[in-house]
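Colleague: Protein chains in written order, with our numbering: chain C, 260 to 404; chain R, 260 to 404.
Built from N, CA and C at the ideal position, the CB exists for glycine as well.
This one's a predicted model, so the numbers in the text were calculated from it and none came from an experiment.
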DNA sequence: CGTAATCTATACTAATTTTGTAGACTTTTA
DNA sequence: TAAAAGTCTACAAAATTAGTATAGATTACG
């Protein structure tokens, strides 16, 4: 399971990507996505530090998408908030940790199995960009009329 | 990430599946897989309650695999210990919970994306049986000589 | 210049989950 | 009947997560 903050981030980003304008108040996103205001603040700050969002302080300030929606994918967002995508620490690259349960990691079939799942998941997450998600949403909506 | 207990369970099961005999003491598995004895006890009990393992009490007792290794897959084990496989509660079946962040779940692209990942993951986990894992391990070992 | 609007930062609390362990109990066999 | 095994319940320690409080910094604009 991804963390709640990660889910908040994804929903906020999709919300921003699907609007024609590119300026958003925290309050506005909070209400539109039903995300507690204070939690959203920290989430947006993290997205800003990661270079995905930009912001302007002071009166008439707000947040904005800093990249085109096609250039933000879910793999990056999930990694940012939850770290490793793999289900097992020995099947990750950046967040690698060895485990005690296998004699030899190189021949551990459990690791091999979870590596395969990790790779498949990463591929799918990478293909989910804000742009593709917005498109999907439009399709689903027109189908449901 | 799966829980440590789940990882313990998987390693213990693979260990049992790859031995020619079918009788194991808790102590024996604990040492072979470097799993704390007491934690392993509760894990094995859970596996027994789920019908995957059987046991015999008393002197000369022990645990045994109750099903053929081809009939135990990782999807079942992961569900048993960690519940839902999906990364998001609205993309599960048995452990479903609605979320507040989307207006309409039926047209929510975030949910659609995570549903796709969940389905792919479940397919892969189902294809990982104890039998296939043991085979993989043999292959990896012969390759590494 | 001052004030209101807005984002920034840090730290704390409460809740939850996870992990491991203790310790008494039951069953079986020799 | 004693020794060897699994069974059960409950607790404690640790880690993680989520949310909130509080104060600060920055900007626009009259």
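Return helix, strand or coil for residue 352 of chain R, following the three-state DSSP convention.
Modeller: Here residue 352 of chain R corresponds to residue number 93 of the second chain, with the count starting at 1. In the structure shown, residue 352 of chain R sits in coil (DSSP, three-state: anything other than H, G, I, E or B).
Colleague: Chain R beta carbons: is any one of them nearer than 8 Å to that of residue 293 of chain C?
Modeller: For the purposes of this step, residue 293 of chain C is taken as residue 34 along the first chain, with counting starting at 1. Closer than 8 Å to some Cβ of chain R, the Cβ of residue 293 of chain C qualifies, so yes.
Colleague: Quick check: the Cα distance between residue 320 of chain C and residue 327 of chain C, rounded to an integer number of angstroms?
Modeller: For the purposes of this step, residue 320 of chain C is taken as residue 61 along the first chain, with counting starting at 1. For the purposes of this step, residue 327 of chain C is taken as residue 68 along the first chain, with counting starting at 1. The alpha-carbon atoms of residue 320 of chain C and residue 327 of chain C are separated by roughly 20 Å.
Colleague: Grouping DSSP H, G and I as helix and E and B as strand, with all else coil, what is residue 284 of chain R?
Modeller: In the second chain, residue 284 of chain R corresponds to position 25, counting from 1. Coil at residue 284 of chain R, not helix or strand.
Colleague: Is the separation between the beta-carbon of residue 366 of chain R and that of residue 396 of chain C shorter than 8 Å?
Modeller: Start at 1 with the first residue of the second chain, and residue 366 of chain R comes out as number 107. Start at 1 with the first residue of the first chain, and residue 396 of chain C comes out as number 137. A contact, by the Cβ cut-off of 8 Å.
Colleague: For a contact defined as C-beta to C-beta under 9 Å, what are the partners of residue 267 of chain R on chain C?
Modeller: For this step, residue 267 of chain R is matched to residue 8 along the second chain. What residue 267 of chain R touches in chain C: 360.
Colleague: On the DSSP bridge list, what partners appear for residue 366 of chain R?
Modeller: Position 107 of the second chain, counted from the first residue, corresponds to residue 366 of chain R. In the DSSP output, where bridge partners are listed per residue, residue 366 of chain R has none listed.
Colleague: DSSP puts residue 321 of chain C in a beta bridge; with which residues?
Modeller: The residue labelled residue 321 of chain C in the question sits at position 62 within the first chain. According to DSSP, residue 321 of chain C bridges with C:315.
Colleague: What does residue 347 of chain C touch in chain R if you count any residue whose Cβ is under 8 Å from its own?
Modeller: Taking the first chain and counting its residues from 1, one reaches residue 347 of chain C at position 88. Near residue 347 of chain C (Cβ distances below 8 Å), the residues of chain R are 260, 261 and 266.
Colleague: Would you mind giving the Cβ-Cβ distance between residue 399 of chain C and residue 371 of chain R, rounded to the nearest angstrom? I have them listed as a contact below 8 Å.
Modeller: The sequence position of residue 399 of chain C within the first chain is 140, counting from 1. The sequence position of residue 371 of chain R within the second chain is 112, counting from 1. Between residue 371 of chain R and residue 399 of chain C the Cβ distance is about 7 Å, and since that is below 8 Å, they are a contact.
Colleague: Judging by CA-CA distance, which residue of R:344, R:362, R:384 and R:330 is the nearest neighbour of residue 354 of chain R?
Modeller: By one-based count along the second chain, residue 354 of chain R stands at place 95. When each option's Cα is compared against that of residue 354 of chain R, the closest is R:344.
Colleague: Would you mind giving the Cβ-Cβ distance between residue 299 of chain R and residue 311 of chain R, rounded to the nearest angstrom? I have them listed as a contact below 8 Å.
Modeller: Within the second chain, numbered from 1, the residue matching residue 299 of chain R stands at position 40. Within the second chain, numbered from 1, the residue matching residue 311 of chain R stands at position 52. That pair is no contact at about 14 Å.
Colleague: Can the beta-carbon of residue 339 of chain C be found closer than 8 Å to that of residue 387 of chain C?
Modeller: Numbered from its first residue, the first chain carries residue 339 of chain C at position 80. Numbered from its first residue, the first chain carries residue 387 of chain C at position 128. Result no, Cβ atoms of residue 339 of chain C and residue 387 of chain C do not sit closer than 8 Å.
Colleague: On a CA-only basis, which of R:308, R:346 and R:284 is nearest residue 297 of chain R? Give me that one, please.
Modeller: As a working mapping, residue 297 of chain R is identified with position 38 in the second chain. Checked all of R:308, R:346 and R:284; the closest Cα to residue 297 of chain R is R:284.
Colleague: Taking 8 Å as the CB-CB limit, is residue 331 of chain R close to chain C?
Modeller: As a first step, residue 331 of chain R is located in the second chain; it is residue number 72 there, counting from the start. No, because no Cβ of chain C sits closer than 8 Å to the Cβ of residue 331 of chain R.
Colleague: By Cβ distance, which residues of its chain are closer than 6 Å to residue 385 of chain C, with the 5 residues on each side in sequence left out?
Modeller: Counting from one through the first chain, the residue named residue 385 of chain C turns up at place 126. Closer than 6 Å at the Cβ level, and outside the excluded window around residue 385 of chain C, lie 332 and 334.
Colleague: What are the residues that DSSP puts in a beta bridge with residue 332 of chain C?
Modeller: Looking up residue 332 of chain C in the first chain gives position 73. DSSP, once it has assigned bridges, lists C:388 as partnering residue 332 of chain C.
Colleague: Rounding to the nearest angstrom, what Cα-Cα distance links residue 260 of chain C and residue 302 of chain C in this structure?
Modeller: Stepping through the first chain from its first residue, residue 260 of chain C is reached at position 1. Stepping through the first chain from its first residue, residue 302 of chain C is reached at position 43. Distance between the alpha carbons of residue 260 of chain C and residue 302 of chain C: 18 Å.
Colleague: Answer yes or no: do residue 393 of chain C and residue 266 of chain C have a C-beta to C-beta separation smaller than 8 Å?
Modeller: On the first chain, position 134 is the one that residue 393 of chain C refers to. On the first chain, position 7 is the one that residue 266 of chain C refers to. Not closer than 8 Å, so no.
Colleague: Just checking: is the beta-carbon of residue 429 of chain C within a distance shorter than 8 Å of some beta-carbon in chain R?
Modeller: No answer is possible for residue 429 of chain C: the residues shown for chain C start at 260 and end at 404.
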